Amino acid sequence: MTPVPPSAALRAPIPPLRRRALSRMGAALAVLALATGTAPAQAQTDYPNKPIRLVIPFPAGGSSDGIGRQIADKLGPLLRQSVVVENKGGAGGVIGADAVAKAAPDGYTLVLVDVFHTSIPIYTKKMPYDAVKDFTPVSLVGRSPAFWLATPGFAPRTAREALAHARAQPGKMTMAIAGTGSVVVDLFRARTGLQFVSVPYRGSSPALVDLMSGQVETMITTLASAGPHLKSGKLRALAVTGAQRNADFPDVPTFAELGVPGMDYEQWFGVMGPAKLPQPIVDKLAGAMAQVLQMPDVRERLVGMAMEVAPPGPQAMQRQVEDDEARWVRLAKELDIKPLD
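Residue numbers (this note's numbering): 729 to 1069.
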């Protein structure tokens, strides 16, 4: 038999049945390609089409929890979906934040972070994520100074007396620390030169309970956590961070007035998602957050916590996180803070 040249084989007519099969296969592949290319865009257009999870990386009852729940309550109607709060505390917020860093970047898993998000890395050698690169900023919420607080039974009645007391009896005064490492406490230690006993807690809520009962003598935290207890007289404020006195507590001096410069620490809260969150989803969430932060009852709550309502939007949040991270790295070098394994 004479072999058929390859060129002739290629020119041979395709049988009708095979032609129809190839045609159907081509059509199916075209539909699949179209569906694959448009699915992500369609998902972004429909967002959100199922409940959103807002992770609070601290135990229930603290300032993060209260702020997070109010945000969730307000975001839900604006987005026409439920926003479910999930408290996932532990390791100074690392466990909850890590769960969000590893979640799908689809806008259905968010986290409410605070200053611990940028300060905890200087205390932890093996961080499971990068506080900047592994998250997408959505919006800042608010900022607040911190107060040096005392239990009602603490013998010194003023900040000057407390500083003198601690200097006269090194290593005796106790101070509660909420979370794994507290940059404001290390800042206080460095700027005052005091020696005192640090007592760690899983969060601000259990620390405040022991502070009010006299189990520990002092603590540095924000009005977001301690405001109601200060106003009820269950705690006393000795001093406040920042450049000026707080309007709600005008008799409480700043650390600078006490001769302790450099105590310019502030607490802040903000919303973030996993890295690579699509821009249309970021824009939708940021727009909704901007509306939430304009609501009178939300602003009233934040002001009641001595919080300044922060500029909304992802850009402000990005700057806050990047600037804070750089600041705490500098502080760690200054104080020779060694991260733990």
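The C-beta atom is built at its ideal place from N, Cα and C for all residues, glycine as well.
The structure displayed is predicted, hence computed values, not measured ones.
Using three-state DSSP, classify residue i as helix, strand or coil.
| i | result |
| --- | --- |
| residue 821 | helix |
| residue 926 | strand |
| residue 1064 | coil |
| residue 842 | strand |
| residue 901 | coil |
| residue 859 | coil |
| residue 831 | coil |
| residue 1038 | coil |
Pull up the distance between the alpha-carbon of residue i and that of residue j, whole angstroms please.
| i | j | result |
| --- | --- | --- |
| residue 787 | residue 823 | 11 Å |
| residue 784 | residue 976 | 27 Å |
| residue 766 | residue 1007 | Only weak support exists for where residue 766 lies, its pLDDT of 45 falling under 50; the coordinates are left without a value. |
| residue 782 | residue 888 | 42 Å |
| residue 863 | residue 1043 | 13 Å |
| residue 859 | residue 985 | 34 Å |
| residue 811 | residue 967 | 37 Å |
| residue 959 | residue 894 | 26 Å |
| residue 926 | residue 1048 | 28 Å |
| residue 1062 | residue 884 | 30 Å |
| residue 805 | residue 853 | 41 Å |
| residue 934 | residue 773 | 43 Å |
| residue 981 | residue 973 | 6 Å |
| residue 880 | residue 939 | 9 Å |
| residue 964 | residue 791 | 18 Å |
| residue 704 | residue 845 | Since the first residue shown for the chain is 729 and the last is 1069, residue 704 is missing from the structure and cannot be characterised. |
| residue 943 | residue 962 | 13 Å |
| residue 949 | residue 1023 | 26 Å |
| residue 941 | residue 957 | 12 Å |
| residue 1065 | residue 851 | 7 Å |
| residue 896 | residue 886 | 15 Å |
| residue 778 | residue 838 | 14 Å |
| residue 1025 | residue 1051 | 30 Å |
| residue 1031 | residue 978 | 15 Å |
| residue 816 | residue 1055 | 27 Å |
| residue 899 | residue 818 | 28 Å |
| residue 903 | residue 947 | 5 Å |
Is it true that the CB of residue j sits closer than 8 Å to the CB of residue i?
| i | j | result |
| --- | --- | --- |
| residue 996 | residue 868 | yes |
| residue 1053 | residue 871 | no |
| residue 849 | residue 1046 | no |
| residue 809 | residue 856 | no |
| residue 1060 | residue 1041 | no |
| residue 813 | residue 825 | no |
| residue 937 | residue 803 | no |
| residue 1037 | residue 1029 | no |
| residue 807 | residue 1016 | yes |
| residue 828 | residue 1001 | yes |
| residue 969 | residue 873 | yes |
| residue 1033 | residue 951 | yes |
| residue 989 | residue 919 | yes |
Take residue i as the anchor and find which of the options has the nearest alpha-carbon.
| i | options | result |
| --- | --- | --- |
| residue 987 | 998, 976 and 971 | 971 |
| residue 924 | 1036, 931, 913 and 1020 | 913 |
| residue 953 | 850, 801, 877 and 818 | 877 |
| residue 991 | 928, 943 and 921 | 921 |
| residue 882 | 945, 873 and 813 | 945 |
| residue 932 | 957, 926, 940 and 905 | 905 |
| residue 832 | 1004, 1037, 963 and 884 | 1004 |
| residue 1057 | 780, 847, 1030 and 816 | 847 |
| residue 955 | 773, 780, 794 and 774 | 794 |
| residue 780 | 969, 789, 797 and 790 | 797 |
| residue 928 | 1067, 820 and 815 | 820 |
| residue 983 | 934, 891, 845 and 941 | 891 |
| residue 1009 | 969, 836, 852 and 830 | 836 |
| residue 834 | 1023, 1012 and 902 | 1012 |
| residue 998 | 1018, 989 and 979 | 1018 |
| residue 1067 | 978, 861 and 910 | 910 |
| residue 861 | 816, 778, 830 and 875 | 830 |
| residue 1035 | 815, 817, 778 and 875 | 875 |
What residue ranges within the stretch 861 to 899 form continuous beta strand (DSSP E) runs of no fewer than 3 residues, ordered along the chain? Within the stretch 861 to 899, the complete beta strand (DSSP E) runs of at least 3 residues are 863 to 878.
Identify every run of the alpha helix (DSSP H) within the stretch 931 to 1006, keeping only runs that are complete inside it and at least 4 residues long; order them along the chain. Entirely contained in the stretch 931 to 1006, the alpha helix (DSSP H) runs reaching 4 residues are, in chain order, 932 to 941 and 951 to 959.
Can you give, in chain order, each stretch of the beta strand (DSSP E) that sits fully within the stretch 773 to 803 and has at least 3 residues? DSSP runs (the beta strand (DSSP E)) wholly in the stretch 773 to 803: 780 to 784.
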